[in-house]
Amino acid sequence: MPAAMFHYIDGAAGDEWTMRQNTEAFDQYELVPRVLVDVSEIDLSTTVFGQRIDMPYFCAPTAMSRLFHHDGENAVARAAARAGTLYCLSSIATTSIEDAAAAANGP
Numbered sequence: 142m143p144a145a146m147f148h149y150i151d152g153a154a155g156d157e158w159t160m161r162q163n164t165e166a167f168d169q170y171e172l173v174p175r176v177l178v179d180v181s182e183i184d185l186s187t188t189v190f191g192q193r194i195d196m197p198y199f200c201a202p203t204a205m206s207r208l209f210h211h212d213g214e215n216a217v218a219r220a221a222a223r224a225g226t227l228y229c230l231s232s233i234a235t236t237s238i239e240d241a242a243a244a245a246n247g248p
């Protein structure tokens, strides 16, 4: 990947204040594995805006996704649908809402 594209994805807007705040917020939490616990029935599903999704994660908007992949936002929409989760289309997308929705064929 060309350096300019990498830095676009890896960086943040302006003085990167929001990125630092997000990083600090996530640093306050820790994933602690639970061992010797019955994991025969695990359900990560949740409901977001009345829509059931398979896991408590979704694909966040990234502007101009075709800079990084030939199918851009449509590829992300398909991946989110296959994973049983949601995708939020960027307001600076390289495809229309209608095309992304048609590609998703899911939640």
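The opening position of the sequence shown corresponds to residue 142 in our numbering, with each subsequent residue numbered one higher.
The C-beta atom is built at its ideal place from N, Cα and C for all residues, glycine as well.
It should be emphasised that the depicted structure is a prediction, and the values quoted were computed from it without experimental measurement.
Can you find a CB in chain D that lies within less than 8 Å of the CB of residue 218? Absent here is chain D; the protein component of the structure consists of one chain.
Give the C-beta separation of residue 240 and residue 215 to the nearest angstrom, bearing in mind that I take them to be a contact with Cβ-Cβ under 8 Å. As a first step, residue 240 must be located in the sequence shown, where it is residue number 99. As a first step, residue 215 must be located in the sequence shown, where it is residue number 74. Confirmed, about 6 Å.
Look at the Cβ atom of residue 230, then the Cβ atom of residue 146, and state whether they are nearer than 8 Å. Looking up residue 230 in the sequence shown gives position 89. Looking up residue 146 in the sequence shown gives position 5. Cβ atoms of residue 230 and residue 146: not closer than 8 Å.
Residue from 203, 169 and 167 whose Cα sits closest to the Cα of residue 154: The residue you call residue 154 lines up with position 13 of the sequence shown. When only C-alpha atoms are compared, the closest one is 203.
Could you name the residues of the same chain whose beta carbon sits closer than 6 Å to that of residue 197, not counting the 5 residues immediately before and after it, in chain order? As a working note, residue 197 is residue 56 in the sequence shown. Result list for residue 197: 187, in chain order.
Is the beta carbon of residue 219 closer than 8 Å to that of residue 242? Mapped onto the sequence shown, residue 242 falls at position 101. Mapped onto the sequence shown, residue 219 falls at position 78. No, the pair does not count as a contact, with Cβ atoms beyond the cut-off.
Best match in 199, 213 and 206 for proximity to residue 227 [C-alpha to C-alpha]: Reading the sequence shown from its first residue, position 86 is the one you call residue 227. Of the candidates 199, 213 and 206, the one whose C-alpha sits nearest the C-alpha of residue 227 is 199.
Helix, strand or coil, according to DSSP, for residue 175 in the structure here? Locating residue 175 in the sequence shown gives position 34, counting from the first residue. If DSSP states are grouped into helix, strand and coil, residue 175 belongs with coil.
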